[in-house]
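Colleague: In my numbering, the protein residues as written are 120 to 412.
All C-beta atoms in this analysis are idealised placements derived from N, C-alpha and C, irrespective of residue type, glycine included.
As the structure is a prediction and not an experimental result, all values here were calculated from the model.
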């Protein structure tokens, strides 16, 4: 027998090898152990199943609870495990019109993918209503994102924006995450408390904010002055760019001013979500002083 034949084996050898793998996996299942992955290639983890048009799958106890409590949410259906239902309804009455199906955790895994930390609950809803910039005229503080693509970062930014009572988070339609389960889970309920507005042209949107009386301040590591010295007036729109490339050139040319976060330590740059929280805090300090005159 040649070396090649010895490596490939006969059809009968392949048949018995398959039987041995099946026997091994059955034994591991009886012992409560996961089956070994097939060495012929990596096991593919299924991702979320597609939903139609304007539908969104939300998951996680805090995220789903916040969505149910949001009167602007149009709820479609709820899949929940028995244990998760008890936790979800602790102090929360589910709407009588909401169809509820009790399922096993694996059934939600099959829909969302095994990587989703759903805590035994999944809510199908319609996406939130589209918001317009002209509805933000009464808010003194806005946050604008220039192509921040990571939904986990944007979710964390939404949490900070709600914590500091920003009027909206504005971002581009391209190269930015749409409303999704991952974004909502990362925001941990914050998506239900603040408008998340996606626009087609950021420079045009900034000009519209300027016409509404906002001073737009772009955060840049090479900004000419510290952020605290750049604030002016009673309406502020903070503009942050993506990690790495920062603000695009057109955005830099359009904002009212560029500013930097002064950091005396050895590290001179921060994750965009951390930078946004610091900038929001500084903006709130300025607005409080401005209100006092």
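For the region 257 to 273 and the region 354 to 372, state whether three or more C-beta atom pairs, one from each stretch, are separated by less than 8 Å.
Modeller: yes
Colleague: Evaluate residue 337 with the Cβ neighbour count: other Cβ atoms within 10 Å of its Cβ, from every protein chain shown; 16 or more gives buried, anything less gives exposed.
Modeller: In the chain shown, counting from the first residue as 1, residue 337 sits at position 218. Buried, by the Cβ-count rule.
Colleague: Do residue 298 and residue 247 count as a contact pair if the criterion is CB distance below 8 Å?
Modeller: For this step, residue 247 is matched to residue 128 along the chain shown. For this step, residue 298 is matched to residue 179 along the chain shown. For residue 247 and residue 298, yes; Cβs fall inside 8 Å.
Colleague: Whose C-beta lies closer than 7 Å to the C-beta of residue 278 among residues of the same chain, with five residues either side of it excluded?
Modeller: In the chain shown, residue 278 corresponds to position 159, counting from 1. Closer than 7 Å at Cβ, skipping near neighbours: 306, 307 and 309.
Colleague: Can you tell me whether residue 249 is buried or exposed? The criterion is at least 16 other CB atoms within 10 Å of its CB, across all chains shown.
Modeller: Position 130 of the chain shown holds residue 249. Exposed, because fewer than 16 other Cβ atoms sit within 10 Å of the Cβ of residue 249.
Colleague: For residue 281 and residue 296, which I take to be in contact (beta-carbon distance under 8 Å), what is that distance rounded to the nearest angstrom?
Modeller: On the chain shown, position 162 is the one that residue 281 refers to. On the chain shown, position 177 is the one that residue 296 refers to. That belief does not hold up - the Cβ atoms of residue 281 and residue 296 are roughly 17 Å apart, past 8 Å.
Colleague: Using a Cβ-Cβ cutoff of less than 7 Å, which residues in the same chain neighbour residue 183 once the five nearest sequence positions on both sides are dropped?
Modeller: Here residue 183 refers to the residue found at position 64 when the chain shown is read from its first residue. Here the set comprises 177, 207, 240 and 242.
Colleague: Leaving out the 5 sequence neighbours to the left and right, which residues in its chain are closer than 6 Å to residue 376 when beta-carbon positions are compared?
Modeller: As a first step, residue 376 is located in the chain shown; it is residue number 257 there, counting from the start. Within the same chain, residue 376 has close Cβ partners 336 and 349.
Colleague: When the distance is taken between beta carbons, is residue 333 closer than 8 Å to residue 356?
Modeller: As a first step, residue 356 must be located in the chain shown, where it is residue number 237. As a first step, residue 333 must be located in the chain shown, where it is residue number 214. The answer is yes: Cβ separation under 8 Å.
Colleague: For residue 90, which three-state DSSP category applies?
Modeller: The structure shown does not extend to residue 90, since the chain spans only 120 to 412, so no value can be given for it.
Colleague: Pick helix, strand or coil for residue 270, following the three-state DSSP scheme.
Modeller: Taking the chain shown and counting its residues from 1, the one referred to as residue 270 is at position 151. Residue state, collapsed to three classes: helix.
Colleague: Based on Cα-Cα distance, which residue from 192, 229, 191 and 205 lies nearest to residue 180?
Modeller: Along the chain shown, one-based indexing puts residue 180 at 61. With distances taken between Cα atoms, residue 180 lies closest to 205.
Colleague: Just the Cα atoms here: how many angstroms apart are residue 317 and residue 292?
Modeller: Working through the chain shown from its first residue, we reach residue 317 at position 198. Working through the chain shown from its first residue, we reach residue 292 at position 173. Rounded to whole angstroms, residue 317 to residue 292 spans 5 Å at the Cα level.
Colleague: Could you round the C-beta distance between residue 342 and residue 378 to whole angstroms and report it? I think they count as a contact, below 8 Å.
Modeller: Taking the chain shown and counting its residues from 1, one reaches residue 342 at position 223. Taking the chain shown and counting its residues from 1, one reaches residue 378 at position 259. Sure, about 4 Å apart at Cβ, within 8 Å.
Colleague: Using the rule of at least 16 other Cβ atoms within 10 Å of the residue's Cβ for burial, across every protein chain shown, is residue 400 buried or exposed?
Modeller: For the purposes of this step, residue 400 is taken as the residue at position 281 of the chain shown. Exposed, because fewer than 16 other Cβ atoms sit within 10 Å of the Cβ of residue 400.
Colleague: Of all Cβ atoms in chain C, is any one closer than 8 Å to the Cβ of residue 280?
Modeller: Absent from the structure is chain C; it holds one protein chain and no more.
Colleague: So, are the CB atoms of residue 213 and residue 219 less than 8 Å apart?
Modeller: Here residue 213 refers to the residue found at position 94 of the chain shown. Here residue 219 refers to the residue found at position 100 of the chain shown. Cβ distance < 8 Å, so residue 213 and residue 219 count as in contact.
Colleague: Using the C-alpha atoms, what's the distance from residue 201 back to residue 194?
Modeller: Residue numbering aside, residue 194 sits at position 75 when the chain shown is read from its first letter. Residue numbering aside, residue 201 sits at position 82 when the chain shown is read from its first letter. Their Cα atoms are separated by approximately 20 Å.
Colleague: Just list the residues that DSSP pairs residue 336 with in beta bridges.
Modeller: As a first step, residue 336 must be located in the chain shown, where it is residue number 217. Beta-bridge pairing links residue 336 to 357 and 376.
Colleague: Could you give the residue range of the alpha helix (DSSP H) that holds residue 327?
Modeller: For this step, residue 327 is matched to residue 208 along the chain shown. Per DSSP, residue 327 belongs to the alpha helix (DSSP H) from 321 to 330.
Colleague: DSSP three-state call for residue 158: helix, strand or coil?
Modeller: Within the chain shown, residue 158 is the residue found at index 39, counting from 1. No answer about residue 158 holds up, because its pLDDT of 45 lies below 50 and its placement is not dependable.
Colleague: Identify the continuous beta strand (DSSP E) that holds residue 197 and give its terminal residues.
Modeller: The sequence position of residue 197 within the chain shown is 78, counting from 1. Per DSSP, residue 197 belongs to the beta strand (DSSP E) from 194 to 199.
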